[in-house]
Amino acid sequence: MIIAQKENYILRTWEASDAESLAVQLNNKKVWDNCRDALPHPYKLENAQAILEIIGKKEGIHDFCIEVNGKAVGNIGFMPESDVQRFNAEVGYLIGEPYWGQGIVTDALKEAIRYYFAHTPIIRVFAFVFEYNLPSMRVLEKAGFNKIGIMHKSIYKNDAFCDAHYFELLKETLVD
1 MIIAQKENYI LRTWEASDAE SLAVQLNNKK VWDNCRDALP HPYKLENAQA ILEIIGKKEG
61 IHDFCIEVNG KAVGNIGFMP ESDVQRFNAE VGYLIGEPYW GQGIVTDALK EAIRYYFAHT
121 PIIRVFAFVF EYNLPSMRVL EKAGFNKIGI MHKSIYKNDA FCDAHYFELL KETLVD
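So for the sequence shown, UniProt numbering puts the first residue at 1; every next one is plus one.
Listed below in structure tokens is the structure:
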């Protein structure tokens, strides 16, 4: 299903046939350096096939494929919280290195959030960014997020501690 079709990308749901393209984009240390360690590195076709199978079994749409020129090159994923935080969701996103700095993720994130707020009971989306990932912080700011704090030394990645910059966006503050 297509969520948004723009001049330079399509935001849509994932398909099993996206596995090979996804594996190519995620098998990159520079991409991995900005992600949780749960994302394997090196990233293989089997990893992509397994995650797309899991996405396909989820109820509702929580994961969005960013397609450029017919290839799956990125992801925007929402992870709903539970219990007393059940109206919150963490958002994460990534795009293959050849597509960095083109504004694709910023625009796709805005579209995904609009869709997600409209089709779920979620009223607050949040994200945290590694201290050295300034471009990702800029994506969130351009998408309307506010930085609400820094969690010092809360991330351990590549054998070192770093700060997490914490951002949020409330449904009521979403601007078209």
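Even glycine gets a Cβ: it sits at the ideal position worked out from N, Cα and C.
Only a predicted model underlies this, so the values are computations on that prediction, with no experimental measurement involved.
For residue i, does the three-state DSSP call read helix, strand or coil?
i	result
E46	helix
E20	helix
Mind checking who residue i pairs with in its DSSP beta bridge?
i	result
L169	V125
L174	Its beta-bridge partners do not exist; DSSP assigns none.
I10	Q5, E67
Taking the beta carbon of residue i as the centre, do at least 16 other beta carbons fall within 10 Å, making it buried, or is it exposed?
i	result
Y156	exposed
G70	exposed
E111	buried
A38	exposed
L45	exposed
Q25	buried
H165	buried
G101	exposed
L134	exposed
V84	exposed
Give the C-beta separation of residue i and residue j to the nearest angstrom, bearing in mind that I take them to be a contact with Cβ-Cβ under 8 Å.
i	j	result
F145	E131	Not really, about 16 Å apart at Cβ, beyond 8 Å.
A89	E81	6 Å
Can you find a CB in chain B that lies within less than 9 Å of the CB of residue i?
i	result
D107	Included in the structure is just one protein chain, with no chain B present.
Next item on the list: Give, in chain order, every unbroken run of the alpha helix (DSSP H) that is at least 4 residues long and sits entirely within the UniProt domain "N-acetyltransferase" (22 to 168).
Entry: Runs found: 29 to 32, 45 to 57, 104 to 119, 134 to 142.
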